[in-house]
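>
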Amino acid sequence: MADLIKEIHDMVVEYKKDAIAEKVDQALNEGKDAESILNNGLIAAMDVVGEKYSTGEVFIPEMLASAKTMKIALEKIKPQLQKDVVASNKGVVVIGTVKDDIHDIGKNLVAMMLEGAGFEVHDIGIDNSPENFISKAKEVNAQILGISALLTTTMPMMKETVEALKDEGLYEKIHVIVGGAPVSQQYADEIGARGYAADAVVAVEKIKSLLDS
Ligand code: B1M
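First residue of the sequence shown? That's 37 in the numbering used here, and the numbers climb one at a time after it.
(1) Check whether the Cβ of G228 sits closer than 7 Å to any heavy atom of the ligand B1M, and report yes or no.
(2) Do K53 and K112 come within 8 Å of each other at the CB atom, strictly closer than that value?
(3) For L78, report the span of its alpha helix (DSSP H) as first-last.
(4) Entirely within the segment 192-219 and at least 4 residues each: give me those alpha helix (DSSP H) ranges in chain order.
(5) Any heavy atom of the ligand B1M closer than 7 Å to the CB of A103?
(6) Could you tell me how far apart the beta carbons of E156 and V128 are, in whole angstroms, since I believe they sit closer than 8 Å?
(7) N144: buried (16+ other C-beta within 10 angstroms of its C-beta) or exposed?
(8) Am I right that I160 and G132 are in contact with their C-beta atoms under 8 Å? What's the rounded C-beta distance?
(9) Look at L201 and I213 and say whether their C-beta atoms are less than 8 Å apart.
(10) How is E156 classed by DSSP in three states: helix, strand or coil?
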């Protein structure tokens with residue numbers, strides 16, 4: 037890993053909120069690409085933070101501070117990640133995190149990449165009931181409903197959302213795509229989601245192919 041990217045990685049782990057923006061600027065100015073900063077710096081750092089939380093080395097406040105540090109860095113690399121913006125609207129997506137789940141970094145990243153790829157994205161934030169997802173999807177005439185969950189305990193809300201969509205008679209019209217660390221293709225198949233994506237880049241590809249099919 038290049039030194040500057042390692043420094044960015046460590047700054048997220050050590051939640052250096054006040055210094056991260058300058059370091060990311062420096063990396064970009066020195067020609068480091070945004071994808072590498074994202075994957076090898078930021079996402080890798082959050083995995084370390086998660087492991088440290090699991091082993092009791094850090095607690096919620098530190099985990100939150102790392103998340104805030106990552107968000108500052110993400111804003112800095114956003115223009116680069118979205119550099120291929122296409123003017124035409126490729127489709128309408130409603131995206132959010134499920135009820136009782138407040139993790140939003142991965143979901144924000146997916147939303148950011150979708151915007152960058154030319155989709156009209158309506159991000160409804162965290163802690164969304166099935167009703168929230170569905171009323172927004174109806175309001176904006178969405179073709180895609182993107183649902184994120186980071187906890188094994190909140191994953192069942194994905195199934196409930198798919199079921200609610202069926203009850204509303206919208207299941208055929210609106211494609212559901214799910215993602216988040218505990219989610220898998222197998223789970224997506226089980227609950228009747230049309231798509232699963234392991235990361236933000238795959239999410240964009242998957243949504244494009246769902247709309248083409
Ligand atoms: Co939480 N947390 N957390 N946490 N947290 C995890 C998820 C955990 C794995 C940590 C651990 O124990 N090792 C664990 C879950 C265990 C489990 O359920 N199996 C956990 C826990 C237990 C908790 C609490 C319950 C802790 C507590 O209170 N006792 C609590 C729950 C709060 C709640 O939601 N009700 C909690 C709280 C928090 C913070 C608030 C402190 C903070 C979140 C801040 C925020 O998001 N604004 C936090 C954080 C930061 C994490 C870790 C460390 C990092 C998550 C992250 O942002 N990753 C996380 C450990 C880990 O994941 N390594 C952990 C970076 C992000 C880019 O990746 O979100 O996976 P990710 O998104 C990826 C893909 O998953 C995918 O694309 C993204 C980009 O590649 N993706 C999609 C995501 N959504 C998608 C949607 C799609 C497609 C792809 O289509 C729609």
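For glycine and all other residues, C-beta sits at the position ideal for the given N, C-alpha and C.
All of these numbers come straight from a predicted model, not from anything done at the bench.
In terms of the structure at hand:
(1) no
(2) no
(3) No alpha helix (DSSP H) contains L78, which DSSP labels as neither H nor E.
(4) 192-203
(5) yes
(6) 5 Å
(7) buried
(8) 4 Å
(9) no
(10) strand
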